[in-house]
Amino acid sequence: MRTRQAIAGSALFFIAAPGVVAGLLPWLLTDRYRLPWSTQLGLVAGGWVLIGVATALLLHAFARFALEGLGTPAPVAPTERLVVGGIYRHVRNPMYVAVLAIILGQALLFSSAALIAYAAIAAVAMVSFVKFHEEPTLA
C-alpha cells in the first residue's frame with residue numbers, strides 16, 4: 034500500500050473505530066456531554082490530562098501504522114510490515130490503551146460510573162479480540 038493510501042485509510046478508520054468507541058458512545062452515555070463536570074477540580078484536571086496524553090498517543094500509533102507499516106489499523110487493510118518503532122517499542126497495543134485512557138479520562142471529567150463500567154466492558158472486548166483474533170492471526 035502506498036503511504037498516501039495508508040494515511041487516508043488510517044484517517045477513515047480513526048473516525049470509524051476510536052471515534053465511535055471513545056467519542057460517540059461516551060457522548061451518548063453522558064447524555065451528549067450534558068452531565069456537569071466533576072465538582073472535584075483534581076478529577077477534572079486529571080481527566081483532561083489523561084484525554085490529551087491518550088489522544089496524542091493514539092495519533093502517534095495511527096501514524097506509525099501508516100508511515101512505518103504502510104497500512105492501516107483496519108483488519109481489511111493491514112500493515113505490510115510489522116510496526117515496532119515509536120510507542121510500539123514499549124507498549125504492545127497502544128491504540129487499545131489510548132482508547133481506554135480516553136474513556137477513563139472522560140469518566141474522571143464527569144465523575145461517571147457509567148463510563149467506568151463502559152471502559153471495563155470495552156477492555157474485556159479488546160483483550161478478547163487480541164487473544165482470540167489478533168494473536169492467532171499473527172502466529
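Counting from 34, one number per residue, gives the positions in the sequence shown under our numbering. All C-beta atoms in this analysis are idealised placements derived from N, C-alpha and C, irrespective of residue type, glycine included.
Checklist entry - Pick from Ala-107, Val-116 and Leu-91: whose alpha carbon is nearest that of Leu-100? => result As a working mapping, residue 100 is identified with position 67 in the sequence shown. That would be Val-116, whose Cα lies nearest to the Cα of Leu-100.
Next on the checklist: Suppose the cutoff is 6 Å on Cβ atoms and the five residues either side in sequence are ignored; what does the same chain contact list for Ile-135 look like?
Outcome noted: Sequence index remark: in the sequence shown, residue 135 carries index 102 (1-based). Counting only Cβ-Cβ distances below 6 Å, and skipping sequence neighbours, we find Ala-55, Ile-84 and Ala-87.
Next on the checklist: When you measure from the CB of Val-54 to every non-hydrogen atom of the ligand GTP, does any distance come out below 8 Å?
Outcome noted: The ligand GTP is absent from the structure shown, which contains no ligands of any kind.
Checklist entry - Sorted by chain position, which residues of the same chain lie with C-beta nearer than 7 Å to Gly-118's C-beta, five sequence neighbours on each side aside? => result Position 85 of the sequence shown, counted from the start, is the residue given in the question as residue 118. If we look at Gly-118 and ignore the five residues flanking it on each side, its Cβ neighbours are Arg-97 and Glu-101.
Item to check | Inside the region 35-64 only - alpha helix (DSSP H) runs reaching at least 4 residues | outcome: 36-49 and 58-62
Checklist entry - Any chance the region 123-135 sits against the region 146-165, with 3 or more Cβ pairs inside 8 Å? => result yes
Next on the checklist: Whole angstroms are fine: how far does the CA of Ala-158 sit from the CA of Ser-145?
Outcome noted: By one-based count along the sequence shown, residue 145 stands at place 112. By one-based count along the sequence shown, residue 158 stands at place 125. Cα to Cα, Ser-145 sits roughly 20 Å from Ala-158.
Checklist entry - Pick from Tyr-129, Leu-141 and Gly-138: whose alpha carbon is nearest that of Val-160? => result As a first step, residue 160 must be located in the sequence shown, where it is residue number 127. Out of Tyr-129, Leu-141 and Gly-138, the CA that lies nearest to the CA of Val-160 is found in Tyr-129.
Checklist entry - Ala-44: buried (16+ other C-beta within 10 angstroms of its C-beta) or exposed? => result As a first step, residue 44 must be located in the sequence shown, where it is residue number 11. Exposed, because fewer than 16 other Cβ atoms sit within 10 Å of the Cβ of Ala-44.
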